[in-house]
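*Asks:* Residue numbers (our numbering): 3 to 737.
1) Please name the residue, chosen from 632, 484 and 549, that lies closest to residue 565 on a Cα-to-Cα basis.
2) Determine the closest residue to residue 403 out of 261, 417, 422 and 409, with distance taken between C-alpha atoms.
3) Is it right to say residue 4 is buried, meaning 16 or more other beta carbons lie within 10 angstroms of its own, or is it exposed?
4) Return no unless some Cβ of chain D is closer than 9 Å to the Cβ of residue 650.
5) Buried or exposed: where does residue 396 fall if 16 or more other Cβ atoms within 10 Å of its Cβ makes it buried?
6) Look up residue 678 in the DSSP assignment and give the residues it is bridged to.
7) Where do the N-terminal and C-terminal ends of the beta strand (DSSP E) with residue 188 fall, by residue?
8) Residue 490 to residue 444, Cα distance in whole Å?
9) Restricting to Cα atoms, I'd like to know which of 561, 440, 429 and 543 is closest to residue 498.
10) Between which two residues does the alpha helix (DSSP H) harbouring residue 70 extend?
11) For residue 432, report the span of its alpha helix (DSSP H) as first-last.
12) State the DSSP-derived secondary structure class of residue 517, mapped to helix, strand or coil.
13) Taking buried to mean at least 16 other C-beta atoms within 10 Å of its own C-beta, is residue 313 buried or exposed?
14) Since residue 325 is in the beta strand (DSSP E), which residue starts that stretch and which ends it?
15) I'd like the list of long-range same chain contacts for residue 127, defined as Cβ closer than 6 Å, with 5 residues on each side in sequence excluded.
16) Closest to residue 469 by C-alpha separation, out of 345, 170, 684 and 101, would be which residue?
17) For the alpha helix (DSSP H) that contains residue 378, what are its first and last residues?
18) Would you mind sorting residue 593 into buried or exposed? The rule is 16 or more other CB atoms within 10 Å of its CB.
19) Please go through the same chain and pick out, in chain order, the residues whose beta-carbon is closer than 7 Å to the beta-carbon of residue 284, but skip the five residues on each side of it.
20) What does the alpha-carbon distance come out to for the pair residue 160 and residue 194?
21) Run through DSSP, which three-state label would residue 368 get?
22) Are there three or more Cβ pairs, one per stretch, closer than 8 Å when the segment 357–369 is compared with the segment 178–186?
23) Given a threshold of 16 other Cβ atoms within 10 Å of its Cβ, counted over all protein chains shown, does residue 202 qualify as buried or as exposed?
24) Cβ of residue 550 within 9 Å of Cβ of residue 527?
25) Please list, in chain order, all residues of the same chain as residue 188 whose beta carbon is under 8 Å from its beta carbon, the five residues on each side excluded.
26) Using CA coordinates, which residue listed in 486, 63, 113 and 154 is at the minimum distance from residue 258?
27) Following the continuous alpha helix (DSSP H) through residue 575, name the residue where it begins and the one where it ends.
28) Kindly give me the distance between the Cβ atoms of residue 88 and residue 197, rounded to whole angstroms, as I take these residues to be in contact under 8 Å.
29) Mind reading off the beta-carbon distance from residue 214 to residue 340? Whole number of angstroms is fine, and I expect it under 8 Å.
30) Between residue 75 and the rest of its own chain, which residues show a CB-CB distance below 6 Å, the 5 nearest in sequence each way excluded?
31) Going by alpha carbons, who is nearest to residue 129 out of 146, 173, 119 and 136?
32) Considering only DSSP beta bridges, list what residue 532 is partnered with.
33) Hey, how far is the Cα of residue 68 from the Cα of residue 733?
34) How far does the beta strand (DSSP E) with residue 264 in it extend, from its first residue to its last?
35) Contact between the segment 371–382 and the segment 231–250 is defined here as three or more beta-carbon pairs at a separation below 8 Å; is this criterion met?
36) Suppose you measure from the CA of residue 456 to the CA of residue 546; what does that come to, to the nearest Å?
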């Protein structure tokens, strides 16, 4: 580009009358830095070679060298120096002659973006001094030898994170001499959970290893009665993932100067993870048809998604909640913000955040889908990120809910959080951001009502315990489940729980009181519903049990509706209707079994094989209604993974994946995926079909790079069957 063209472009950018320089939100763009910055006219005899000159800079950037070891960044597959803020790192500078502190003067400069400015933290000059103050920019010489010096450099514990360009500047009487632009000395600075002065400081080493350094995790799915788990490869250290994560902040147009603040980063990231605004990373789809894309259940990790987005700049198809949460977790851990993936079972998607989900029943007592707008997700995944909250009163720092799944808009964009978990527990939902929405997800009540002909709403039954029954995350240092329901809510029915609810209502969470609605429940009869555990493709039975605690005889007209549902609780099709009259003898229990045949459900089954049963019973003598709903899921067979050969870093080994088709039909369009961070990059293979009862075997050869305990993760996707996973822990030996 010619000089004039570029200056015209500059002018165009500058002339908007509102700001002196254009917005600065690209970490990638650069400005030109002069190698000789003259103070005025340069005398004719001036020769830069007469002065101190930098010949080379050595960054100690290899994984086994001091910087990456001390900064816990040795796992990143990245040739550049990567350090964490607020902690000293070392570089060595080679000059053309020995350095003389009495007469020579030099300093370092770190620059970011196209318009570096000191007050914005994007231009950082660092003079060489005698002492390093903790958590403040500074440099001091720790070793001198021949023509070289070794420097210890301290970065600020609040500095912006991202990729900086490094220059060494030497002062001469006539101007400043700088080193030439050299991308090999670029330095990434990340958040530092090991540094007490950092906003993301976490004091437990085991937790730091889990929430920052672990590159594989467990996602819990299924439902409360039947918790299922699968592995997910976060892959935050894989090649190009760090650059892809920095690009997300450019894409979200977060000013460079705001990138030292984890609150801002989480807020913009929760919007850019989904594609609803400004073409973010993942396009959501809850339709069960995934043309021109990958079914959400087929992904085994975040790396493919982030790298595809980084290269194409177009949303990657398709995701559902655990995919958004998995990618968000990679983003946070990659930048150094401690993060974990959370599953909330029976999660309320309350369209108007009034802590009340309305299910309307028709005259027969079955759910009226025309009037019912709210839904209960079997489970919903979000993330927690660890940070201080200086914008809130004391006590609300720590874990913050952030959610990248597009559900409702917040300040005009599909995003959610960060919302303090502590504030949600105590009902202090006035504190930003989006606490009322999260409070409703874990605390709503379900109201079963009937609409009378004159338009009045009669509440027939209220279920206060169904929503947010169980909130879990992966345990620290293992693959088990950790129940964190207590972090979000007090024990159901306790005084503290009532108080938290009253606080939330005081702070503006809408809740209609029961007194507004005429509601007298039937208390002397209880109804329970159980479904037998069953493997996909088999018949199973469900049981309805009544307990009549009174001295009266009752008859109950009972209606069972079985629906095939998306995991979001939205019905695809009712596949089973059954009604019967039950005689309830005084002070006794009676059970009724109903058989569900595989032929009734197989044709319409959705990928997570879940059913939603609604049972309503009208006690004929009193006209009262009992209602219960339950989600149940079929067992989906797993993939088997085995290895062959020696498991040694740098040596070839084989991974064998096997699967036997359990269905009474042929599987069409079968795709297998296999990945394992540090062992092999994701490999995909398409198989045409697997006939019933036959076994597919796939052998993959690979050379593991990293010793230690690694995990292999595989998934199978086909037209009739999805959510098939397998995993294997492998111990890779040192060569």
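Built from N, CA and C at the ideal position, the CB exists for glycine as well.
*Replies:* Taking the geometry as given:
1) 632
2) 422
3) Because the pLDDT at residue 4 is just 41, under 50, the model does not fix this residue reliably, and the point stays unresolved.
4) Included in the structure is just one protein chain, with no chain D present.
5) exposed
6) 682
7) Segment: none, residue 188 is in no beta strand (DSSP E) and carries neither H nor E.
8) 8 Å
9) 429
10) 68–72
11) Unbroken run through residue 432: none, as it is neither H nor E.
12) With a pLDDT of 48 at residue 517, under the threshold of 50, the modelled position of this residue cannot be trusted; read the value that follows with caution. Here residue 517 sits in helix by DSSP.
13) exposed
14) Note, residue 325: premise wrong, no beta strand (DSSP E); alpha helix (DSSP H) at 323–337.
15) 109 and 111
16) 345
17) Note, residue 378: premise wrong, no alpha helix (DSSP H); beta strand (DSSP E) at 377–389.
18) exposed
19) 275, 276, 277, 307, 317, 318, 321, 325, 326 and 329
20) 10 Å
21) coil
22) no
23) buried
24) yes
25) 82, 83, 165, 166, 167 and 168
26) 113
27) No alpha helix (DSSP H) contains residue 575, which is instead part of the beta strand (DSSP E) from 573–586.
28) 4 Å
29) 5 Å
30) 84
31) 173
32) 545
33) 26 Å
34) Careful: residue 264 lies outside any beta strand (DSSP E), inside the alpha helix (DSSP H) at 264–274.
35) no
36) 33 Å
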